[in-house]
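Everything below concerns the one structure shown next.
In the numbering used here, the protein residues as written are 2 to 357.
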């Protein structure tokens with residue numbers, strides 16, 4: 002088994018060297034970069050089928066260099082992103098079998114992701130600064146292909162691709178227990194998506210979960226404020242005092258429901274001063290006050306029973322009634338088992354109530 006593995010490694014390294022040799026400059030003859038790129042691509046697929054992830058990633062980096070020499074920025078960034086995915090798979094495979102890892106594959110994946118993000122961002126910046134012009138007879142195939150791809154994605158938001166790559170990088174870091182490194186990456190992705198609110202809400206939800214995982218409840222609450230503020234302005238009834246779900250787009254209903262429950266828990270745990278509590282959070286407190294009646298259309302996930310339990314928990318927490326809070330938490334546990342990090346917040350809230 003080991004001899005076969007070493008033989009495969011030797012074979013692909015030799016093929017890699019043979020293809021690389023074609024790129025060396027020779028007297029009075031330019032290297033055929035396009036042909037070398039295709040051969041690197043064929044070798045990449047062969048190695049990926051054999052699950053030799055680092056080798057496949059190395060071939061993608063070579064493809065990126067070829068595309069860079071052809072001035073095809075989009076293809077270069079795509080090759081780097083694919084290289085990052087291969088190296089990430091290699092890191093995950095090493096961790097899955099509980100093998101010691103020095104993090105080399107993770108560092109390489111992170112570097113490739115960041116380089117691809119920079120290329121897409123700089124391309125977008127150049128497109129904004131100067132209008133695209135085409136000069137007859139001077140546009141090669143690679144440039145025209147790159148321009149075609151860029152024009153296709155232009156209508157989907159100028160920063161969709163770099164933001165998506167940022168989220169991929171954050172996912173990779175989180176899966177490798179690097180949440181503190183994933184945090185600024187998610188913040189950068191959120192900044193890129195300011196003009197696409199639905200995608201922004203999805204990234205902010207992931208950022209909120211990351212804050213809770215790191216134990217930064219203040220950061221999680223601030224992210225909840227952003228989520229609710231963005232979602233609130235997507236509704237035509239944003240002037241109402243009670244936060245309703247009647248006109249929320251279906252694509253973000255789950256995000257808003259999850260965020261509302263998290264916001265309530267965080268408010269009860271942190272207990273910010275009323276003068277420092279934004280209006281969007283005051284609406285949450287009003288909604289779960291004793292004066293508000295529950296109904297299915299206005300409850301998280303359309304569950305009036307969940308609303309009643311949360312309302313009872315909020316009243317018990319404000320009164321520091323440990324017995325009542327503990328009794329309410331039992332049915333809440335079964336209702337919150339599918340909601341990420343809510344059980345952890347419920348546990349922290351019960352600790353606060355118990356301390357008095």
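Every residue gets a Cβ at the ideal spot worked out from N, C-alpha and C, and that includes glycine.
* Asked: Is the stretch 191–210 touching the stretch 247–262, taking contact as three or more C-beta pairs under 8 Å?
  -> yes
* **residue 91 burial status per 10 Å Cβ neighbour count (16 or more: buried)** => Sequence index remark: in the chain shown, residue 91 carries index 90 (1-based). Looking at its Cβ environment, which holds 16 or more other Cβ atoms inside 10 Å, residue 91 is buried.
* Asked: What are the start and end residues of the alpha helix (DSSP H) that includes residue 304?
  -> To locate residue 304, count along the chain shown from 1; it is residue 303. Premise fails: residue 304 is in no alpha helix (DSSP H) and is neither H nor E.
* Asked: Alpha carbon to alpha carbon, what distance is there between residue 222 and residue 310?
  -> Reading the chain shown from its first residue, position 309 is the one you call residue 310. Reading the chain shown from its first residue, position 221 is the one you call residue 222. Using only the alpha carbons, I get a separation of about 21 Å.
* Kindly indicate which three-state DSSP category residue 272 falls into: helix, strand or coil? => As a working note, residue 272 is residue 271 in the chain shown. In this structure, residue 272 counts as coil in the three-state DSSP scheme.
* Asked: If you follow the alpha helix (DSSP H) that residue 97 is part of, which residue opens it and which one closes it?
  -> Position 96 of the chain shown holds residue 97. Start and end: 74–97.
* Kindly list the residues whose CB is nearer than 8 Å to the CB of residue 231, restricted to its own chain and excluding five residues on each side of it in sequence; keep chain order. => Reading the chain shown from its first residue, position 230 is the one you call residue 231. Closer than 8 Å at the Cβ level, and outside the excluded window around residue 231, lie 198, 201, 202, 205.
* To do: Can you tell me which of 340, 350, 336, 345 puts its alpha carbon nearest to the alpha carbon of residue 327?
  => Working through the chain shown from its first residue, we reach residue 327 at position 326. Here the closest residue by C-alpha is 350.
* Asked: Cβ atoms of residue 24 and residue 43: under 9 Å apart, would you say?
  -> Taking the first residue of the chain shown as position 1, residue 43 is located at position 42. Taking the first residue of the chain shown as position 1, residue 24 is located at position 23. Against a cut-off of 9 Å, the Cβ pair of residue 24 and residue 43 comes out as no contact.
* Asked: Hey, out of 278, 96, 183, whose CA is closest to residue 212's CA?
  -> If you number the chain shown from 1, residue 212 lands on position 211. Ranking 278, 96, 183 by CA distance to the CA of residue 212 puts 183 first.
* Measure the CB-CB distance between residue 353 and residue 285 and report whether it falls below 9 Å. => As a first step, residue 353 is located in the chain shown; it is residue number 352 there, counting from the start. As a first step, residue 285 is located in the chain shown; it is residue number 284 there, counting from the start. No, these two residues do not count as a Cβ contact at 9 Å.
* Leaving out five residues before and five after residue 60 in sequence, what residues of the same chain have Cβ atoms less than 6 Å from its Cβ? -> The residue you call residue 60 lines up with position 59 of the chain shown. Answer for residue 60: 41, 44, 45, listed in chain order.
* Please classify residue 71: does DSSP put it in a helix, a strand, or coil? => Numbered from its first residue, the chain shown carries residue 71 at position 70. Here residue 71 carries a coil assignment [DSSP, helix/strand/coil].
* Asked: Would residue 266 be called buried (16 or more neighbouring beta carbons within 10 Å of its own) or exposed?
  -> Reading the chain shown from its first residue, position 265 is the one you call residue 266. Buried.
* Asked: Do you know offhand how far residue 159's Cα is from residue 344's?
  -> Here the question's residue 159 lines up with position 158 in the chain shown. Here the question's residue 344 lines up with position 343 in the chain shown. Cα to Cα, residue 159 sits roughly 38 Å from residue 344.
* To do: Please go through the same chain and pick out, in chain order, the residues whose beta-carbon is closer than 6 Å to the beta-carbon of residue 98, but skip the five residues on each side of it.
  => Residue 98 sits at position 97 when you count from the first residue of the chain shown. Around residue 98: no qualifying Cβ.
* Please state whether DSSP places residue 146 in a helix, a strand or coil. => Counted from its first residue, the chain shown places residue 146 at position 145. Residue placement at residue 146 is flagged as unreliable, the pLDDT there being 48, under the threshold of 50; the coordinate-derived value follows with that caveat. If DSSP states are grouped into helix, strand and coil, residue 146 belongs with the helices.
* Which of helix, strand or coil DSSP assigns to residue 56 -> As a working note, residue 56 is residue 55 in the chain shown. If DSSP states are grouped into helix, strand and coil, residue 56 belongs with the helices.
* Asked: To which residues of the same chain is residue 107 closer than 6 Å at the C-beta, ignoring the five residues directly before and after it?
  -> Taking the first residue of the chain shown as position 1, residue 107 is located at position 106. Cβ neighbours of residue 107 beyond the five flanking positions: 92, 177.
* Asked: Closest to residue 165 by CA distance: which of 117, 274, 181, 209 is it?
  -> Taking the chain shown and counting its residues from 1, one reaches residue 165 at position 164. Nearest to residue 165 by C-alpha distance, out of 117, 274, 181, 209, is 117.
* Between which two residues does the alpha helix (DSSP H) containing residue 103 stretch? -> One-based indexing of the chain shown puts residue 103 at position 102. Premise fails: residue 103 is in no alpha helix (DSSP H) and is neither H nor E.
* **Close-in-space but distant-in-sequence residues of the same chain around residue 215 (CB under 6 Å, 5 per side omitted)** => Translated into the one-based positions of the chain shown, residue 215 becomes position 214. Hits under 6 Å: 180.
* **Within 9 Å, strictly: CB atoms of residue 325 and residue 313** => Stepping through the chain shown from its first residue, residue 325 is reached at position 324. Stepping through the chain shown from its first residue, residue 313 is reached at position 312. Cβ atoms of residue 325 and residue 313: closer than 9 Å.
* **Sequence-distant residues of its chain with Cβ nearer than 7 Å to residue 279 (five each side left out)** => As a first step, residue 279 must be located in the chain shown, where it is residue number 278. Here the set comprises 226.
* To do: Use the C-beta contact count for residue 86: other C-beta atoms within 10 angstroms, 16 or more gives buried, fewer gives exposed.
  => Counting from one through the chain shown, the residue named residue 86 turns up at place 85. Per the 10 Å Cβ criterion, buried.
* Per-residue burial, residue 68 [other beta carbons within 10 Å of its own, 16 or more giving buried] -> Looking up residue 68 in the chain shown gives position 67. It is buried - the Cβ of residue 68 has at least 16 other Cβ atoms within 10 Å.
* Asked: Does the separation of the CB atoms of residue 84 and residue 110 fall below 9 Å?
  -> Along the chain shown, one-based indexing puts residue 84 at 83. Along the chain shown, one-based indexing puts residue 110 at 109. Going by C-beta atoms, residue 84 is nearer than 9 Å to residue 110.
* To do: State buried or exposed for residue 88, treating a residue as buried only when at least 16 other CB atoms are found within 10 Å of its CB.
  => Within the chain shown, the letter at position 87 stands for residue 88. Buried, because 16 or more other Cβ atoms sit within 10 Å of the Cβ of residue 88.
* **8 Å CB neighbourhood of residue 277 in its chain, flanking five on each side removed** => Residue mapping note: residue 277 aligns to position 276 of the chain shown, counting from 1. Same-chain partners within the cutoff: there are none.
* Asked: Rounded to the nearest angstrom, how far is the Cβ of residue 224 from that of residue 208, given a contact under 8 Å?
  -> Position 223 of the chain shown, counted from the first residue, corresponds to residue 224. Position 207 of the chain shown, counted from the first residue, corresponds to residue 208. Contact flag correct, Cβ pair sits at about 5 Å.
* **Proximity of residue 170 and residue 115 at Cβ, strictly below 9 Å** => Residue numbering aside, residue 170 sits at position 169 when the chain shown is read from its first letter. Residue numbering aside, residue 115 sits at position 114 when the chain shown is read from its first letter. Yes, the Cβ-Cβ distance between residue 170 and residue 115 is below 9 Å.
* Thinking C-alpha only, which one of 31, 75, 14 is nearest residue 47? -> Residue mapping note: residue 47 aligns to position 46 of the chain shown, counting from 1. Measuring from the Cα of residue 47, the nearest candidate turns out to be 14.
* Asked: Nearest-angstrom Cα distance between residue 322 and residue 189?
  -> One-based indexing of the chain shown puts residue 322 at position 321. One-based indexing of the chain shown puts residue 189 at position 188. So the two alpha carbons sit approximately 42 Å from each other.
* Roughly how many angstroms lie between the CA atoms of residue 255 and residue 333, to the nearest whole one? -> Taking the chain shown and counting its residues from 1, the one referred to as residue 255 is at position 254. Taking the chain shown and counting its residues from 1, the one referred to as residue 333 is at position 332. Taking the straight line from one Cα to the other gives about 18 Å.
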